[in-house]
Amino acid sequence: MNGRKARASGMQLELALQGGGAHGAFTWGVLDRLLQEEDIGIHRISGTSAGALNGAALATGLARGGRQGAREHLALLWHNVAQAGSLLTFMMLPLRKPGLGVWDDAAPLLSPYQANPLGMAPLRTALAPVFDERLLREAGSAPQLFVNAVHVASASSRVFGPADLSMEALLASACAPLSYQAVQIDGESYWDGSYAANPILWPLYQDNLDCDILMVELTPLVRPETPTSAKNILNRINEVGSIQGLVSELRALDTVNRSVAGADIRMHLVSMPERPGAALENEPSVKRTVSGVLFERLRQDGRAACEAWLQEHRGLLGRRASVDIGARYLAPYAACGGRGPSSAGLQPATAAPAAH
Numbered sequence: 075m076n077g078r079k080a081r082a083s084g085m086q087l088e089l090a091l092q093g094g095g096a097h098g099a100f101t102w103g104v105l106d107r108l109l110q111e112e113d114i115g116i117h118r119i120s121g122t123s124a125g126a127l128n129g130a131a132l133a134t135g136l137a138r139g140g141r142q143g144a145r146e147h148l149a150l151l152w153h154n155v156a157q158a159g160s161l162l163t164f165m166m167l168p169l170r171k172p173g174l175g176v177w178d179d180a181a182p183l184l185s186p187y188q189a190n191p192l193g194m195a196p197l198r199t200a201l202a203p204v205f206d207e208r209l210l211r212e213a214g215s216a217p218q219l220f221v222n223a224v225h226v227a228s229a230s231s232r233v234f235g236p237a238d239l240s241m242e243a244l245l246a247s248a249c250a251p252l253s254y255q256a257v258q259i260d261g262e263s264y265w266d267g268s269y270a271a272n273p274i275l276w277p278l279y280q281d282n283l284d285c286d287i288l289m290v291e292l293t294p295l296v297r298p299e300t301p302t303s304a305k306n307i308l309n310r311i312n313e314v315g316s317i318q319g320l321v322s323e324l325r326a327l328d329t330v331n332r333s334v335a336g337a338d339i340r341m342h343l344v345s346m347p348e349r350p351g352a353a354l355e356n357e358p359s360v361k362r363t364v365s366g367v368l369f370e371r372l373r374q375d376g377r378a379a380c381e382a383w384l385q386e387h388r389g390l391l392g393r394r395a396s397v398d399i400g401a402r403y404l405a406p407y408a409a410c411g412g413r414g415p416s417s418a419g420l421q422p423a424t425a426a427p428a429a430h
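Just so we're aligned: 272 in this note's numbering is position 198 of the sequence shown, and the numbers increase by one with no gaps anywhere.
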């Protein structure tokens, strides 16, 4: 039974999947567990970067083989990523592994136009078996998938929906600009979508203001330590942009809920935990690590987090949100030990942007 057929007999979810490099294997675990819930269907998916890759494997798998097919496609995706990454292990070792000193700090300064002649070819190979452009463009064959990328020249965000979804769009959404050469689409250059919105939310509710959105969150809102190494400074700069883009999306969603009669967009959240003993998994450089062992560990963490969420919150689906957007994302917080990013200085939300 695919995601759309489940609509008739159970609850529907809109999925918002963040990017986060290797941490996307945590999302794999969340989805792997969620797919075991026969009465929860998947209507639409919005994914950025690693979230776009997970979304493509999920939607294609559902269209080809239902829930079990989706689980198999997700597993194959991460197996393929681990296999493809092993080809670059030696060349990318300083960039990927934490704690290697000056070379680890220097690696992000190397241009991918000089240091990565293979470009995104290994990722393209990893994606090919789990992504079917034709199926995902056919209305009704799979959950609708939306991915976003940044148009380099204009710094605007482009959303690729079912009508223009392609392998190039997926690669553009995952194109980290310090690791890969920009992806070309119709003669234009694109970078990783997380610089604009991680993920973009408005496609999930643009024509349905009574829905449940489950977001899988990989980017920590708070890192109490001030980064001092080049790699961690760069990582936090990237996270700041990602967080501010998400806050803007959530501010727009909150505005719709408050100002449009009858609107009830219910947000739910499964977050990657900062658990004791998980220093390796949570260390920023791990986002760029390619390891089947790490991916499996993160998958198990994701399954456990989804199980906990289902136990505590699944009864709220269709009734009310299980996360307070205002308290977590929009309200200013105390300078020490705050609960989320401050909204001070943010511009008011604007209308949902049109696709570039």
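For glycine and all other residues, C-beta sits at the position ideal for the given N, C-alpha and C.
Around the CB of Ile311, fewer than 16 other CB atoms lie within 10 Å, so the residue is classed as exposed. Between the C-alpha atoms of Leu275 and Ala90 there is a straight-line separation of about 7 Å. Between Ala133 and Ile119 the beta-carbon gap is near 6 Å, inside 8 Å, which marks them as a contact. Distance from the CA of Pro236 to the CA of Leu244, rounded to the nearest whole angstrom, comes to 12 Å. In the three-state scheme derived from DSSP, where H, G and I count as helix and E and B as strand, Glu370 is classed as helix. In the DSSP assignment, Phe100 falls within the unbroken alpha helix (DSSP H) covering 98-108.
Residue state for Glu291 is assigned as strand, using DSSP reduced to three classes.
Per DSSP, Glu207 is one residue of the alpha helix (DSSP H) stretching across 207-211. From the listed residues Phe205, Ala96, Gly95, Leu105, the smallest Cα separation to Leu384 is found for Leu105.
Leaving aside the five residues that flank Leu390 on each side, the residues in its chain whose CB is nearer than 8 Å to its CB run, in chain order, Arg340, His342, Ser396. CA-CA distance, Ala126 to Gly94, rounds to 11 Å.
Taken in chain order, the complete alpha helix (DSSP H) segments of 4 or more residues contained in the region 186-272 are 186-189, 195-201, 207-211, 241-247. Going by DSSP, Gln86 is part of the beta strand (DSSP E) stretching over 85-91.
Per DSSP, the continuous alpha helix (DSSP H) segment holding Val330 begins and ends at 304-333.
Annotation for Ala256: Val226, Cys249, Ser263, Tyr264, Trp265 place their beta carbon closer than 7 Å to its own, counting only its chain and skipping 5 residues before and after.
Secondary structure note for Ser123: it is in no beta strand (DSSP E), with a DSSP letter that is neither H nor E. Scanning its chain for C-beta atoms nearer than 6 Å, with the 5 sequence neighbours on each side dropped, one finds no residue around Ala195. The three-state reading of DSSP puts Gly135 in helix, counting H, G and I together. The C-beta distance from Gly159 to His147 rounds to 18 Å, too long to meet the 8 Å contact threshold. Here the C-alpha atom of Gly115 lies approximately 12 Å from the C-alpha atom of Gln218.
The C-alpha of Glu386 is placed about 24 Å away from the C-alpha of Pro273. C-alpha of Arg332 to C-alpha of Pro294: approximately 27 Å in a straight line. When the alpha-carbon of Arg297 is set against those of Gly121, Leu108, Asn306, the nearest one is in Asn306. Remark: C-beta atoms of Ser231 and Asn222 approach each other more closely than 7 Å. Taking the C-beta atoms as reference points, Ser268 is found no nearer than 7 Å to Ser365. Around the beta-carbon of Asp375, 16 or more other beta-carbon atoms lie within 10 Å, marking it buried.
When the alpha-carbon of Val224 is set against those of Arg402, Glu242, Leu109, Ala137, the nearest one is in Glu242. Beta-carbon to beta-carbon, Gly400 and Asp338 are separated by about 15 Å, too far to satisfy the 8 Å threshold. Arg107 places its beta carbon less than 7 Å from that of Arg377.
Looking at the DSSP output, Met346 sits in no beta bridge, so it has no partner there. Between Gly261 and Phe234, the alpha-carbon positions lie close to 16 Å from each other. Take the alpha-carbon of Cys380 and the one of Pro301: they are about 30 Å apart.
In the structure shown, Asp281 adopts coil according to DSSP, grouped into three states.
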